[in-house]
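The structure appears right after this line, and notes come after that.
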Amino acid sequence: MTAYDLEPGDGVHPGKPVTVDRYTVGARINHWITAISLVLLAISGLALFTPSLYFLTALFGGGQWTRAIHPWIGVVLFVSFSILFIRFWRANLWKGEDNIWLTRVRDVLLGHEERLPELGKYNAGQKFVFWGMSLLILVLIATGLVAWDQYFFRFTSIETKRIAIIVHSLAAVGIICVWIIHVYAAIWVKGTMGAMTKGRVTGGWAWRHHRKWLRELVASRRSNAGTPRTPAE
Amino acid sequence: MNMELSRRQFLGTAGAGLAGTTLGALGFGGVEEAHAAAIRPFKLFNTTETRNTCTYCSVACGIIIYSKGDLKKGEKADITHIEGDVDHPTNRGTLCPKGAALLDIVKSETRLQHPMIRRAGSDKFERVSWDEALNKIARAMKDDRDKNFIAKNADGVTVNRWNTTGFLAASATTNETAWATYKAVRSLGMVVFDNQARV
Amino acid sequence: MTNSWTDIRNTDLVVIMGGNAAEAHPCGFKWVVEAKANRGAKLVVVDPRFTRSAAVADYYAPIRQGSDIAFLSGVINYCIQNNKVQWDYVKAFTNATYIVKEGFAYKDGLFTGYDEEKRDYNRSTWDYQIGPDGYAMVDETLQDPRCVWNLLKEHVSQYTPELVERITGTPKDKFLKVAAMIGECSTPTKTMTSMYALGWTQHSKGSQNIRTMAMLQLILGNIGVRGGGMNALRGHSNIQGLTDIGLMSNMIPGYLTLATDKEPDFNTYMSTRGFKPLRPNQMSYWQNYKKFMVSFLKSMWGPAATAENNFAFDWLPKMDVPAYDILRAFELMKQGKMNLYFCQGFNPLQAFPNRGKLTEALSKLKLLVIMDPLQTETARFWENHGVYNNVDPAKIQTEVIQLPTTCFAEDEGSLVNSGRWLQWHWPAGSPPGESRTDAWIMSQIHLRLKEMYKKEGGALPDPIVNLYWPYKDPSEPTPEELTRELNGYVVSDVLDPNDPTKKLLTASKQVPNFGVLRDDGSTAAGCWIYSGSFTEDGNMMARRDNSDPDDTGAYLKWSFAWPANRRIIYNRASADINGKPWDDTRKLLWWDGAKWTGYDVPDIAPTAKPQDVGPFIMNPEGVSRLFARGMMREGPFPVHYEPFESPMVNLVAPKIRGNPVARVFKDDFAQFAEPASKEFPYAATSYRLTEHFHYWTKNNHVNAVLQPEFFVEISEELAKEKSITNGGWVRVWSKRGSVFAKVYVTKRIRPLICDGKPVHVVGIPIHWGFVGAAKKGFPANVLTPFVGDANIETPEFKAFLVNIEPSTGPVA
Amino acid sequence: MLKPAPNPPVAPVPAKFGDQDLLRKSASTIKPPAERQTEVAKLIDVSKCIGCKACQAACLEWNNLHEEIGTFNGSYTNPPDLTPASFTLMRFTEWVNPETDNLEWLIRKDGCMHCEDPGCLKACPAPGAIVQYTNGIVDFVHDNCIGCGYCVRGCPFNIPRISKVDNKAYKCTLCSDRVAVGQWPACAKACPTQAIAFGTKEDMKKHAAERVTDLKSRGYKNAGLYDPPGVSGTHVMYVLQHADKPSIYAGLPDNPRISPIVEAWKGVTKYVGMGVMGFAAVAGVFHYLIAGANKVTPEDEASAEKLTRGEKP
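Here it is as structure tokens:
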């Protein structure tokens with residue numbers, strides 16, 4: 397059994413209930429930096445996107461600061477997300493069961509997970525979020541650099557800048573939608589938050605949503621019995 | 016705009032922005048209501064006008080010099096702006112690129128401020144008092160004139176000529192300055208005397 | 019200017035040749051644009067470069083610099099051949115009908131009487147035949163072969179359109195188009211104005227360039243009329259005033275002259291100046307010379323000038339050479355014959371030719387005194403600025419004293435514009451630092467010398483200790499005190515000879531005009547032509563009434579114009595011999611049966627009958643001169659001479675190099691490139707850009723921004739030939755020096771085909787130096803030749819030879 | 002010649018227009034005043050222009066601008082482009098007329114056109130950073146400017162420049178401070194030949210018509226007025242000798258209009274984007290209400306425990 401669903405730091409601890417290490421401290425910090433950046437970017441970006449949200453610039457010390465800080469947060473996001481990408485990309489590769497998951501998305505939405513195949517560490521929805529974010533962040537950073545007049549004005553024509561800014565806007569709308577799905581899913585699927593806060597989920601959660609991943613964890617725990625891993629705390 | 020000034024203004028605004036963040040966080044107070052007058056206050060209000068003519072070419076465009084302070088009232092006057100005089104028949108208020116930038120020559124950083132002397136073989140100017148400078152000049156002139164003045168030529172004709180010292184007169188001084196200069200120079204018998212008519 | 023800036027609105031054709039009015043005088047040029055917009059006037063520009071004036075011209079024709087006389091003689095020839103002559107004007111108001119002395123002749127580029135050794139003429143035959151009645155002989159029918167008209171016709175006949183093209187490089191069709199446009203102005207109802215400046219004066223035959231156009235204007239009847247005239251645009255704001263007041267080696271205010279060594283006493287001096295009329299009933303204004311001279315001497319030496327001492331005539335120096343002009347001054351300096359030199363608001367190290375020679379000359383002085391509001395290169399000629407001023411201060415023993423002066427914004431007084439308007443201005447700002455007015459500085463120097471001469475004695479102290487200095491504060495005369503002297507005042511009461519109880523003039527009053535000046539010492543006037551500028555009615559120069567009845571452009575109540583508040587000189591010529599205006603729509607003056615009336619102050623007595631007195635009262639013949647008599651050193655008619663450095667030999671006189679009577683110092687001749695030189699094949703010219711004012715605006719940030727860096731201009735053809743790329747560096751060098759410049763490869767300069775061969779023009783703007791706010795750069799005078807105009811010594815900045823090559827720029 | 006405005010007042014006078022006369026305000030919805038002020042316009046007659054740069058000097062002086070001393074770049078156009086300190090610039094073009102083979106030196110004064118439909122204002126995200134008065138003047142309010150450069154993208158004429166010093170956008174104000182006290186803009190007043198004139202838009206159009214007639218009489222058969230309809234006209238207009246080819250004048254746009262991309266960005270994108278994001282959020286809420294929370298059951302926990310114990314869950 398190939399085990400790329402397993403990421404470094406993943407582990408299972410028998411007990412009552414069973415706990416499962418889903419994210420290491422590093423991964424969680426990485427995620428939250430990315431997440432905070434994304435939120436700040438969304439707020440500052442939206443402030444400049446539509447006059448009805450311009451008041452949000454007050455959070456950043458006014459329009460000048462908002463304009464100045466947004467691209468720098470973008471850089472932080474990009475770097476941070478790149479690291480996240482390196483951590484997570486293997487587990488997010490597409491697999492056969494993902495196609496089945498997709499065809500049964502109605503069951504997903506209605507919570508009938510018993511009708512779904514067993515899933516690895518990420519389901520197709522999460523993979524969609526991961527790859528969506530990856531792609532959109534690439535687009536955003538590229539168009540963002542074109543729009544970053546303070547340093548890059550002279551490298552592109554005004555027409556290019558016009559195209560860049562509209563693409564940037566559209567991509568931003570896209571990424572905000574992806575983000576809404578991501579956050580909503582975390583709220584809807586109870587027990588998920590713990591993964592990114594404490595780093596752990598319960599065995600039941602893993603059993604319910606990522607049974608294949610849980611099985612792999614258990615299997616790998618057995619094979620590594622001689623060298624028990626310390627839980628990620 | 017003056018970028019130095021504007022930089023300071025920017026830093027000031029930035030400070031206000033930071034303070035505003037705290038307030039803003041409490042309720043986004045009034046940022047979108049920020050209001051500033053677009054129209055700059057007219058900068059010639061409450062200045063003193065003085066009629067003059069442009070110093071450059073002999074079209075002699077009429078100009079108005081605007082200053083803070085009024086010389087006529089015995090005040091110190093600092094020139095702040097110069098503009099064409101609409102009442103002037105020739106230029107009707109217009110000015111060329113030099114006339115339009117006359118303030119720059121009045122306020123030039125390379126305006127001379129003090130009498131200076133460069134001594135023989137030196138590589139610099141040194142400050143000198145007016146008295147010292149003028150005494151030195153007058154003494155040098157008298158010595159040279161007494162030594163080289165030609166009262167009579169070889170034919171015995173009275174010629175009263177001094178041609179070892181020369182004077183190059185200006186091209187933009189007033190007639191009145193020119194006349195004072197003419198009297199002072201010609202009374203010495205100086206003939207090496209010319210102006211800028213040719214160049 | 020014979021006319022005024024505001025009068026240009028009245029013209030039908032503007033010819034800008036020998037100048038670049040749009041570039042050098044933008045606000046005066048506005049009246050050209052107005053004439054175009056409102057009268058449908060046309061603008062013709064003839065220039066080696068397509069200038070900013072050409073940018074708004076109706077017609078542009080290229081010309082090789084230094085060939086203007088050939089072009090204009092060609093136009094005169096065209097007008098004569100095609101009957102484009104205003105005959106009534108020519109016959110009545112010019113000397114066309116006058117008969118010239120036997121013996122006067124022209125051959126191979128020279129007139130009768132040339133002495134090659136002296137580079138000068140015996141001018142005795144250059145005059146009219148005088149009849150038994152003592153007056154000049156005339157032939158009203160123009161039949162006499164010796165009359166001026168026939169001599170002129172013959173003289174210009176060689177300047178055919180074909181020859182003009184060969185000399186000037188102006189294609190024949192373009193020349194003919196310009197000639198035809200000019201020729202149209204020979205009708206009394208069309209006028210042309212000539213606007214020129216240094217493009218004509220800065221040649222070794224500059225005076226003759228101007229004279230040729232003046233002759234053409236007379237033939238067309240365009241002098242003395244609204245919208246016509248010879249309009250010298252003049253350079254600096256008061257160079258007209260400085261010249262009027264005679265701040266030149268041989269001048270006395272009001273265009274009087276110093277005596278020469280050949281005029282040992284006052285009577286001999288006067289005998290050659292108070293010209294008698296050459297025609298019956300004519301007014302010869304110079305008959306009043308003595309009144310002006312004595313009044314001047316009274317203003318110099320006051321009570322010490324008495325009838326007994328010929329009003330102190332001997333206290334004035336006499337001249338042993340024609341002029342101690344600046345070129346001669348620097349030559350003398352270089353020879354070690356000068357010790358002290360003053361520069362008052364003048365930067366000769368930048369402004370005069372052959373930079374290397376100037377530096378050498380200044381280095382030989384004992385003391386150089388600079389009076390200036392700004393830093394100048396001259397004041398710092400001893401300072402090392404790398405390639406831009408490569409000198410060793412330790413080797414220069416000249417002491418330099420630099421005195422800070424006020425500028426226009428801080429002083430009060432009058433300036434004379436090109437239209438001869440004396441305009442008063444008031445101070446607006448406090449002077450910076452310790453700067454003082456020039457009048458204060460000159461007073462300080464004078465008072466110190468006066469004191470020393472009183473105490474110590476010395477060489478002829480009289481003119482110094484007796485100099486009339488009647489000012490309330492002798493250390494700083496006020497502008498009003500000085501200008502009152504210039505206007506003139508009554509020294510002692512003058513009684514009416516017919517009724518001694520009546521006073522004609524009252525002591526200590528200002529004179530109302532120069533008409534009342536006297537030669538007995540009872541009046542004083544610093545500058546007679548300024549009489550009327552500050553009268554008992556007050557300061558006429560400060561008048562600011564800009565009303566202009568019937569929009570003629572005269573503005574008689576705005577400031578004061580010399581002479582006598584006249585706005586268009588020779589205005590009598592605006593009406594025909596009977597006093598009827600040539601053009602009813604453009605009336606200036608007319609005879610109403612009893613007197614002259616109109617929009618201007620007539621230049622003849624208001625009651626002088628039209629048929630009696632000619633308009634040109636400064637000439638004893640009362641008419642203008644197509645034949646200059648002995649007044650011009652080159653001859654009575656203009657001849658095309660090549661510049662001293664020319665890309666070709668003279669086609670009309672192949673043996674003559676340059677101007678045959680121009681003064682050339684020995685060492686300088688050796689520094690001229692040969693005609694058609696292989697070493698220096700390109701025809702260079704120097705000029706000022708509109709963004710700059712000579713070297714002053716180097717001190718201004720804004721003007722430095724508008725044209726930041728030294729460059730030269732060349733054609734695309736020359737650039738291709740020399741592999742030069744636009745915006746890159748080039749090196750340009752002449753026989754006198756070498757400069758590095760950026761290059762502007764432009765369509766505005768095209769090679770001229772002269773005598774079948776291409777002549778490439780290299781344009782070199784002036785401005786840059788090594789002080790001020792602007793970028794450092796080379797001044798054009800590193801390259802220019804040290805030779806001046808034969809009559810007035812204006813340097814030949816407009817035509818010389820250079821070579822050019824691509825470069826990587828100066829090594830710092 | 003057109004009669005210039007009288008010499009400027011030195012005793013304070015009330016401004017002729019101000020905040021009560023706003024027609025548009027960036028990123029804001031305002032109600033324009035019922036009555037519009039007479040529209041003003043600057044008319045630049047290229048055929049009268051001698052390229053002297055008096056306008057540039059006057060602009061620098063009046064607005065206290067400090068431009069850097071540059072280098073020579075193979076043209077009289079200095080500086081080579083508009084900058085935050087150079088609101089106006091003479092652009093020089095050497096053009097050989099293919100019909101006459103004559104050289105024409107076309108000199109165009111570049112600067113803000115004060116469009117009736119200003120692209121900069123449309124693009125600006127900062128409320129009140131760009132305003133348009135009912136007399137047609139489009140002005141930047143620097144205290145409100147955030148330096149985002151959107152105006153640069155919005156402008157069809159490539160005019161605004163962002164300062165590196167204070168990161169604010171700069172351009173010609175049409176000397177709103179001067180116009181407010183009845184003066185001509187500094188450039189127009191200085192212009193020696195009245196190639197720059199100023200007045201009501203109507204008067205300027207009349208004056209332009211006279212100029213076009215004169216030019217046609219001199220052989221410029223395509224002379225005309227440049228008042229481009231694509232931006233609903235401008236308050237800076239040109240008289241061109243060759244009005245059929247504006248682009249020969251250093252790239253003056255032939256048919257300027259606000260870029261469709263900018264229109265889309267500031268129009269449909271803004272609304273659709275907000276809509277999509279709103280929809281996503283609302284859809285989540287609805288889903289939660291309908292489907293309820295997805296909770297882990299005790300059976301799930303038990304199964305996991307069994308699995309870890311090696312039992313069959």
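Protein chains in written order, with the working numbering: chain A, 397 to 629; chain B, 16 to 214; chain C, 19 to 830; chain D, 2 to 314.
Glycine residues also receive a C-beta, built at the ideal position from the N, C-alpha and C atoms.
Quick check on DSSP: helix, strand or coil for SER704(C)?
Here residue 704(C) refers to the residue found at position 686 when the third sequence is read from its first residue. The answer is strand: DSSP assigns SER704(C) an E or B state.
So if I threshold CB-CB distances at 8 Å, which residues from the region 29-43 of chain C count as touching chain D?
ALA40 and GLU41
Does any residue of chain D have a CB that is nearer than 8 Å to the CB of VAL405(C)?
Numbered from its first residue, the third sequence carries residue 405(C) at position 387. By this cut-off, VAL405(C) is not an interface position.
Thinking just about the alpha-carbon of each residue, which of PRO295(C), ASP133(C), TYR471(C) and GLY245(C) is nearest to the one in ILE26(C)?
Start at 1 with the first residue of the third sequence, and residue 26(C) comes out as number 8. The shortest Cα separation from ILE26(C) among PRO295(C), ASP133(C), TYR471(C) and GLY245(C) belongs to GLY245(C).
Going by beta carbon distance, what residues of the same chain come within less than 6 Å of HIS403(C), once the five residues before and after it are set aside?
Sequence index remark: in the third sequence, residue 403(C) carries index 385 (1-based). Here the set comprises PHE788.
Around the C-beta of TYR659(C), are 16 or more other C-beta atoms found within 10 angstroms, so that it is buried, or is it exposed?
Your numbering for residue 659(C) matches position 641 in the third sequence. Under this definition TYR659(C) is a buried residue.
Where does ILE81(C) fall in DSSP's three states?
Taking the third sequence and counting its residues from 1, the one referred to as residue 81(C) is at position 63. Looking at ILE81(C) - three-state DSSP - the assignment turns out to be coil, as it is neither helix nor strand.
Per-residue contacts from PHE60(B) into chain C (C-beta, under 9 Å)
One-based indexing of the second sequence puts residue 60(B) at position 45. Simply none; closest approach about 17 Å.
Measure from the C-beta of SER202(B) to each C-beta in chain C and report whether the shortest distance is under 8 Å.
Walking along the second sequence from the start, residue 202(B) turns up at place 187. It does; some Cβ of chain C falls within 8 Å.
Would you decide whether HIS508(A) is buried or exposed? Buried here means 16 or more other CB atoms lie within 10 Å of its CB.
Here residue 508(A) is taken as the residue at index 112 of the first sequence, counted from 1. By the neighbour-count rule (16 or more Cβ atoms within 10 Å), HIS508(A) is not buried but exposed.
In chain D, which residues lie with their C-beta within 7 Å of the C-beta of ALA53(B)?
Stepping through the second sequence from its first residue, residue 53(B) is reached at position 38. For ALA53(B), the residues of chain D that pass the 7 Å Cβ criterion are VAL132, ASP140, VAL142 and SER177, in the order they occur in the chain.
For chain C, is any of its Cβ atoms less than 8 Å away from the one on ASN223(D)?
Taking the first residue of the fourth sequence as 1, we reach residue 223(D) at position 222. Not one chain C Cβ lies under 8 Å of ASN223(D).
Round the Cβ separation of ASN583(C) and VAL619(C) to the nearest angstrom and send it over; I've been treating them as touching at under 8 Å.
The residue you call residue 583(C) lines up with position 565 of the third sequence. The residue you call residue 619(C) lines up with position 601 of the third sequence. The pair is a contact, with the Cβ atoms about 5 Å apart (cut-off 8 Å).
Just mark ALA688(C) as buried or exposed, buried being the case when its beta carbon has 16 or more other beta carbons within 10 Å.
Residue numbering aside, residue 688(C) sits at position 670 when the third sequence is read from its first letter. Looking at its Cβ environment, which holds fewer than 16 other Cβ atoms inside 10 Å, ALA688(C) is exposed.
State buried or exposed for GLU124(B), treating a residue as buried only when at least 16 other CB atoms are found within 10 Å of its CB.
Along the second sequence, read from residue 1 onward, the residue named residue 124(B) stands at position 109. It counts as exposed.
Got a sec, what are the start and stop residues for the alpha helix (DSSP H) ILE13(C) sits in?
A query on residue 13(C) cannot be resolved here, the shown segment of chain C reaching from 19 to 830 and no further.
Would you please state the rounded distance, in angstroms, between the beta carbons of ILE459(C) and THR423(C)? I believe it to be under 8 Å.
In the third sequence, counting from the first residue as 1, residue 459(C) sits at position 441. In the third sequence, counting from the first residue as 1, residue 423(C) sits at position 405. Going by Cβ atoms, the distance from ILE459(C) to THR423(C) rounds to 7 Å, so yes, they are a contact pair.
Residue environment, TRP105(C), which counts as buried when at least 16 other CB atoms sit within 10 Å:
Within the third sequence, numbered from 1, the residue matching residue 105(C) stands at position 87. TRP105(C) is exposed by the Cβ-count criterion.
If you measure from the CB of GLN242(D), is any heavy atom of the ligand PLP nearer than 7 Å?
Ligands are entirely absent from the displayed structure, and the ligand PLP is therefore not among its contents.
Out of curiosity, what's the CA-to-CA distance linking ASP563(C) and TRP580(C)?
As a position in the third sequence, residue 563(C) is number 545, starting the count at 1. As a position in the third sequence, residue 580(C) is number 562, starting the count at 1. Rounded to whole angstroms, the separation of the alpha carbons of TRP580(C) and ASP563(C) is 17 Å.
Applying the criterion that 16 or more other CB atoms from any shown protein chain within 10 Å of the CB defines a buried residue, is ARG585(C) buried or exposed?
Taking the third sequence and counting its residues from 1, the one referred to as residue 585(C) is at position 567. Buried, since its Cβ has 16 or more Cβ neighbours within 10 Å.
In chain A, which residues lie with their C-beta within 7 Å of the C-beta of ASP20(D)?
Stepping through the fourth sequence from its first residue, residue 20(D) is reached at position 19. Neighbours of ASP20(D) on chain A: none; closest Cβ ~18 Å, over 7 Å.
Only counting the same chain, and skipping five residues up and downstream in sequence, which positions put a Cβ closer than 7 Å to that of GLN242(D)?
Numbered from its first residue, the fourth sequence carries residue 242(D) at position 241. VAL47, SER48, LEU216, TYR221 and ALA224.
Indicate whether LEU485(C) and MET233(C) have their beta-carbon atoms separated by less than 8 Å.
In the third sequence, the residue the question calls residue 485(C) occupies position 467. In the third sequence, the residue the question calls residue 233(C) occupies position 215. Their beta carbons are not under 8 Å apart, which means LEU485(C) does not touch MET233(C) by this criterion.
May I ask which residues mark the beginning and end of the beta strand (DSSP E) holding VAL64(C)?
On the third sequence, position 46 is the one that residue 64(C) refers to. Taken as a continuous stretch (DSSP letters only), the beta strand (DSSP E) holding VAL64(C) covers 60-64.
Within the 8 Å Cβ cut-off, does LEU33(B) reach chain D?
Taking the first residue of the second sequence as 1, we reach residue 33(B) at position 18. Low per-residue confidence applies at LEU33(B): pLDDT is 37, beneath 50, and the placement is therefore not dependable, though the value from the model is reported in the following sentence. No, its Cβ sits nowhere closer than 8 Å to a Cβ of chain D.
Would CYS152(D) count as contacting chain C if we go by Cβ distances under 8 Å?
Position 151 of the fourth sequence, counted from the first residue, corresponds to residue 152(D). By this cut-off, CYS152(D) is not an interface position.
With a cut-off of 8 Å, does the C-beta of GLU40(D) fall near any C-beta of chain B?
Within the fourth sequence, the letter at position 39 stands for residue 40(D). Not one chain B Cβ lies under 8 Å of GLU40(D).
Distance cutoff 8 Å, beta carbons only. Does ASP301(D) sit that close to anything in chain A?
To locate residue 301(D), count along the fourth sequence from 1; it is residue 300. Answer yes: the Cβ-Cβ gap between ASP301(D) and chain A drops below 8 Å somewhere.
Leaving aside the five residues before and after HIS50(B) along the sequence, list all residues of the same chain whose C-beta is less than 7 Å from its C-beta, in chain order.
Taking the first residue of the second sequence as 1, we reach residue 50(B) at position 35. Low local confidence applies: a pLDDT of 49 at HIS50(B) is under 50, so the model's placement there is unreliable, and no value is given.
Less than 8 Å between the beta carbons of THR211(C) and ILE81(C), yes or no?
Taking the third sequence and counting its residues from 1, one reaches residue 211(C) at position 193. Taking the third sequence and counting its residues from 1, one reaches residue 81(C) at position 63. Contact flag unset, no.
Could you tell me whether the region 400-415 of chain A touches the region 229-241 of chain D, where touching means 3 or more Cβ pairs closer than 8 Å?
They do not touch, by the three-pair rule.
Count the other CB atoms, across all protein chains shown, that sit within 10 Å of the CB of GLU100(D); report buried if there are 16 or more and exposed otherwise.
If you number the fourth sequence from 1, residue 100(D) lands on position 99. Answer is exposed; the Cβ neighbour count stays below 16.
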